[in-house]
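J.: Be aware that the sequence shown starts at 10, since it is given in our numbering, and climbs by one per residue. No residue lacks a Cβ here, since even glycine has one placed at the ideal position from N, Cα and C. Predicted, not measured: the structure shown is a model, and the values here were computed from it.
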Amino acid sequence: MSVVGFDLGNLNCYIAVAKQGGIEVITNDYSLHATPSCVAYGTKNRAMGVSARQKVNTNFKSTVINFKQLIGRKFSDPIVQAVRPYVPCEMVQMPNDNVGLKVNYLGESRILAPEQVAAALLVKLKQTTEHGVTEIKKVSDCVISVPFYFTDVQRRSLLAAASTAELNCLRIVNENTAVAIAYGIYKQDLPEEHDLSKLVVFLDVGHIATQASLVAFNKGKLTMLGATYDLSVGGLHFDALIRNYFREAFLEKYRIDAAKNPRAWLRLLDESERLKKQMSANSTPIPLNIECFMDDKDVTGQMQRSEFEEMATPLFGKIRELLVRLLQETGRKPEEIAEIEIIGGSSRIPMVRTIVNEIFGKDAKTTMNQDEAVARGAALQCAILSPTFRVREFNVKDNQPYDIELSWDNGEATNTVFSKGDEFPFSKVITFFRKEPFQIDAQYANSASVPHTVHHIGSWKVNNIVAPDNENRKVKVKVRVNPNGLFSICNATQYDTVVVPVEEPKEEAPATEAPATEAPATEAPAAEAGGEQPNTEAATDVTPMETDSEPKLKTKVVATELPIQDMTAVSFNVNQLTQLEREMQSVDLAEKRKEDAKNALEEYVYDMRDKLSGAYSEFVDAQELMSFKDALTLTEDWLYDEGEDAPLPEYESRLAELKKTGDPIVERYREHESRTETIEESAAVVESVAADVADACP
């Protein structure tokens, strides 16, 4: 079983693997821990990760970046429109208001869903894990992190992407919860279980949003007390601020508007990110130089940290307000907080530390890896779930970010079943009185607090209610928020009171029977329809006095499971998406094999020609040497002309043809080297024996 945690970020992804002895963050095919969240579609294949990000400026119309906030959202969503300028490919509105990403793939126009792009990226992470960890032959089980503010629709959409990538996502873990797990599970100095908890604030200044959470720690457990977020402040927003500054500067200085050239505009954003990182480490002015920026003009500029901090005052104000709001919502005072850990790429901006110090009166800590903390926590969560790993017992109590309410009778009746801050996973049981099938709708109660235009979670129809006497029946419905943060109606049970004979000779006390499976769930107030039926669950004996021949009777409650029709707000044809993804993977694999064959042929030409002039020269006659070198030169010329994009068999056949001449030469060389080595070893043995004989016979 693979024990892997994926941190699917807006800018970069990280992969952590649980091994005996600890958690390892693995490197990709470029020996980097960070894999860019980027997928590029080309005329021959797809590119994901580093290779895709390197080509973004030359293939921006078919490259998808900054798509994390598009997952599970509608095109008309204000957040989608806010992210739209940072997605280089064309974004289109689909008939059902879903987001479509238009790219050119294999020479034809394709419109992809953000979930398909996310699946492609997950496939890349999966392949990177399989290539980087020899113990894992095939990745299937994993844990994927999401921002805690992701709604039910977004979480279901990400699960669909994971299924499309043929991953078995054991758990969707909130990013702030993953960080808390990574922090707490190794701590040895936490208070005892019944002592006053250690309160820690985690501030995550990510690329597309900022999150803050307050967690209470005791030995062996953590409790999420509260969390806040802001989708309008993150690394991307700081980069955009710097970019706009230089746009105006270049407009005045060079009379060029970078915003009118998509390639230049994207390039300037990358340079702004680089400048931001340099300013975080230096207070002196940092130069910005871009050659052939627009209209064959080279541009220059500079900025220093003090200018940036003044310019970004509104953004820093949002981070400050975020932390203040966290304290207000949790009812805590700054002096009660033991530590403040900062993570996320943009937490390296010095002003972030200043803000923390101003609010809490203590310095921010960076004891955790600011980039890898989420991935490590996700891998630890996977290890906790894995039966193959022994992990220190650690209890995690997460909480619900939004109010969830149920409605029925066409919305005339409502009931808030889960409130913001409630612990999850958790179940509740609600009692209805019905005589015919009915529908229950679930939605977020306080829509203003939910960062999504779709507030409807789903509808569930309870069927097959049997009421021959046309009287209401008691129906208990179990609702649940599962460990992934998804709401569902688990089951519905109808309870009927029937009269049955008393078994003889055994005397039994009258009893009401009910299924034991509801024990852990909380009973919610009854939802009446036409008034609650009189309580007839107590047993009664109906025994006529006239004769002893009639059997004694009693009442009994019979439970009947009812079928539920599930109509959630989002649904995907995962089988179809998986088939499309497999087809794309086949194209990618075929292209990779072709490139590998081409590279092998090219490498053979250069290597053999070099050795024919050196080590192999003594093992080939002059005529054969000349003709072989000519063949190598012809192959090289072909590779850079007609062979630039030849079929796979062509590369393989040409390499095989060259090896017909080259292999015998290599074999003669190896035989000579082996013979020389054997002679030297034999001579050493003879000398040793001769010395021994001389010593024995003086």
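Please classify Tyr39: is it buried, with 16 or more other beta-carbons within 10 angstroms of its beta-carbon, or exposed?
T.: Indexing the sequence shown from 1 puts residue 39 at position 30. With fewer than 16 Cβ atoms within 10 Å of its Cβ, Tyr39 is classed as exposed.
J.: Helix, strand or coil, according to DSSP, for Tyr50 in the structure here?
T.: Counting from 1 along the sequence shown, the entry for residue 50 is found at position 41. Three-state result, Tyr50: strand.
J.: Got a sec? Which residues, its chain only, sit under 7 Å from Ser497 by beta carbon, not counting five neighbours each side?
T.: By one-based count along the sequence shown, residue 497 stands at place 488. Once the five neighbours on either side are set aside, the close Cβ partners of Ser497 are Arg489, Asn491.
J.: Is DSSP giving Tyr453 helix, strand or coil here?
T.: What you label residue 453 is simply residue 444 of the sequence shown in a count that begins at 1. Strand.
J.: Compare the Cα-Cα distances from Asp619 to each of Tyr660, Gln632, Val675 and report the closest residue.
T.: By one-based count along the sequence shown, residue 619 stands at place 610. Here the closest residue by C-alpha is Val675.
J.: For the region 446-465 against the region 407-422, do three or more pairs of beta-carbon atoms, one drawn from each stretch, fall closer than 8 Å, so that the two count as touching?
T.: Short answer: they touch.
J.: When the Cα atoms are used, what is the spatial distance from Ile364 to Ile328?
T.: Locating residue 364 in the sequence shown gives position 355, where the first residue counts as 1. Locating residue 328 in the sequence shown gives position 319, where the first residue counts as 1. Looking at the two C-alpha atoms, the distance is approximately 8 Å.
J.: Tell me the residue span of the beta strand (DSSP E) that contains Phe226.
T.: Residue 226 sits at position 217 when you count from the first residue of the sequence shown. First-last of the beta strand (DSSP E) with Phe226: 219-227.
J.: Taking the CB atoms as reference points, tell me whether Met576 and Trp417 lie closer together than 8 Å.
T.: Counting from 1 along the sequence shown, the entry for residue 576 is found at position 567. Counting from 1 along the sequence shown, the entry for residue 417 is found at position 408. For Met576 and Trp417, no; Cβs fall outside 8 Å.
J.: Would you mind sorting Gly244 into buried or exposed? The rule is 16 or more other CB atoms within 10 Å of its CB.
T.: Locating residue 244 in the sequence shown gives position 235, where the first residue counts as 1. Label assigned to Gly244: buried.
J.: Note down, in chain order, each residue of its chain lying with its Cβ closer than 6 Å to the Cβ of Leu121, except the 5 sequence neighbours on either side.
T.: Within the sequence shown, numbered from 1, the residue matching residue 121 stands at position 112. If we look at Leu121 and ignore the five residues flanking it on each side, its Cβ neighbours are Leu110.
J.: Indicate the three-state DSSP secondary structure (helix, strand or coil) for Ala91 in the structure shown.
T.: For the purposes of this step, residue 91 is taken as the residue at position 82 of the sequence shown. Helix at Ala91.
J.: Can you tell me whether DSSP reads Ser281 as helix, strand or coil?
T.: To locate residue 281, count along the sequence shown from 1; it is residue 272. In this structure, Ser281 counts as helix in the three-state DSSP scheme.
J.: Looking only at its chain, what residues have a beta carbon closer than 8 Å to the beta carbon of Glu139, apart from the 5 residues adjacent to it on each side?
T.: If you number the sequence shown from 1, residue 139 lands on position 130. Here the set comprises Ile145, Lys146, Lys147, Val148.
J.: Touch check for the region 23-34 and the region 83-99: three-plus C-beta pairs under 8 Å?
T.: The answer is no - the region 83-99 does not touch the region 23-34, with fewer than three Cβ pairs under 8 Å.
J.: Taking only the alpha-carbon atoms, compute the straight-line gap between Leu134 and Leu571 and give it to the nearest angstrom.
T.: Position 125 of the sequence shown holds residue 134. Position 562 of the sequence shown holds residue 571. Going by the C-alpha atoms only, they are around 42 Å apart.
J.: Run through DSSP, which three-state label would Ala321 get?
T.: Locating residue 321 in the sequence shown gives position 312, counting from the first residue. In the structure shown, Ala321 sits in coil (DSSP, three-state: anything other than H, G, I, E or B).
J.: Just checking my contact of Met312 with Met288 at CB under 8 Å: how many whole Å lie between their CB atoms?
T.: Position 303 of the sequence shown, counted from the first residue, corresponds to residue 312. Position 279 of the sequence shown, counted from the first residue, corresponds to residue 288. Yes, they are in contact, since the Cβ atoms of Met312 and Met288 sit about 7 Å apart, within 8 Å.
J.: Alpha carbon to alpha carbon, what distance is there between Pro673 and Val8?
T.: Residue 8 lies beyond the stretch modelled for the chain, which goes from 10 to 707, so this question has no answer here.
J.: Using DSSP with H/G/I as helix, E/B as strand and the rest coil, what is Asp106?
T.: If you number the sequence shown from 1, residue 106 lands on position 97. Three-state result, Asp106: coil.
J.: Since Asn481 contacts Phe447 with CB under 8 Å, what's their CB separation in whole angstroms?
T.: Position 472 of the sequence shown, counted from the start, is the residue given in the question as residue 481. Position 438 of the sequence shown, counted from the start, is the residue given in the question as residue 447. That belief does not hold up - the Cβ atoms of Asn481 and Phe447 are roughly 11 Å apart, past 8 Å.
J.: Tell me where the alpha helix (DSSP H) around Met377 begins and ends.
T.: On the sequence shown, position 368 is the one that residue 377 refers to. Counting along the chain, Met377 falls outside any alpha helix (DSSP H), and DSSP gives it neither H nor E.
J.: Of all Cβ atoms in chain C, is any one closer than 8 Å to the Cβ of Val426?
T.: Here there is only one protein chain, and chain C is not present.
J.: Let's see if you can read the secondary structure: which residues bound the alpha helix (DSSP H) around Ile364?
T.: Reading the sequence shown from its first residue, position 355 is the one you call residue 364. Counting along the chain, the alpha helix (DSSP H) containing Ile364 begins and ends at 359-369.
J.: Name the DSSP bridge partner or partners of Cys754?
T.: A question about residue 754 goes unanswered here, because the residues of the chain that appear run from 10 up to 707.
J.: CB-CB under 6 Å to Val210, same chain, minus the five flanking residues each way: which ones, in chain order?
T.: Against the sequence shown, residue 210 aligns to sequence position 201. Excluding sequence neighbours, Val210 sits near Leu223, Ile346, Ile349.
J.: Taking the straight line between their C-alpha atoms, what separation do you get for Asn54 and Arg256?
T.: Along the sequence shown, one-based indexing puts residue 54 at 45. Along the sequence shown, one-based indexing puts residue 256 at 247. If I take the Cα positions, the gap works out to 35 Å.
J.: When DSSP builds the beta bridges, which residues end up paired with Trp417?
T.: Taking the first residue of the sequence shown as 1, we reach residue 417 at position 408. Answer is Ala422, bridged to Trp417.
J.: So, are the CB atoms of Val34 and Cys47 less than 8 Å apart?
T.: Position 25 of the sequence shown, counted from the first residue, corresponds to residue 34. Position 38 of the sequence shown, counted from the first residue, corresponds to residue 47. Cβ atoms of Val34 and Cys47: not closer than 8 Å.
J.: Which whole runs of the alpha helix (DSSP H) in the region 244-317 are 4 residues long or more, in chain order?
T.: Correct list: 244-263, 271-290.
J.: In whole angstroms, give me the CA-to-CA distance for Tyr649 and Gln632.
T.: Counted from its first residue, the sequence shown places residue 649 at position 640. Counted from its first residue, the sequence shown places residue 632 at position 623. Rounded to the nearest angstrom, the two C-alpha atoms are 27 Å apart.
J.: In whole angstroms, what is the alpha-carbon distance linking Lys83 and Gly58?
T.: In the sequence shown, the residue the question calls residue 83 occupies position 74. In the sequence shown, the residue the question calls residue 58 occupies position 49. Roughly 26 Å separates the two Cα atoms.
J.: Do Val12 and Cys391 have their C-beta atoms closer together than 8 Å?
T.: For the purposes of this step, residue 12 is taken as the residue at position 3 of the sequence shown. For the purposes of this step, residue 391 is taken as the residue at position 382 of the sequence shown. In this structure, Cys391 lies closer than 8 Å to Val12 by Cβ.
J.: What's the C-alpha gap between Glu659 and Asp605?
T.: Position 650 of the sequence shown holds residue 659. Position 596 of the sequence shown holds residue 605. So the two alpha carbons sit approximately 13 Å from each other.
J.: The alpha helix (DSSP H) spanning Leu634 covers which residue range?
T.: Start at 1 with the first residue of the sequence shown, and residue 634 comes out as number 625. From DSSP, the alpha helix (DSSP H) with Leu634 extends over 631-648.
J.: Taking C-alpha atoms, which residue in Asn19, Leu643, Asp305 lies nearest to Tyr615?
T.: To locate residue 615, count along the sequence shown from 1; it is residue 606. Cα-wise, what sits closest to Tyr615 is Leu643.
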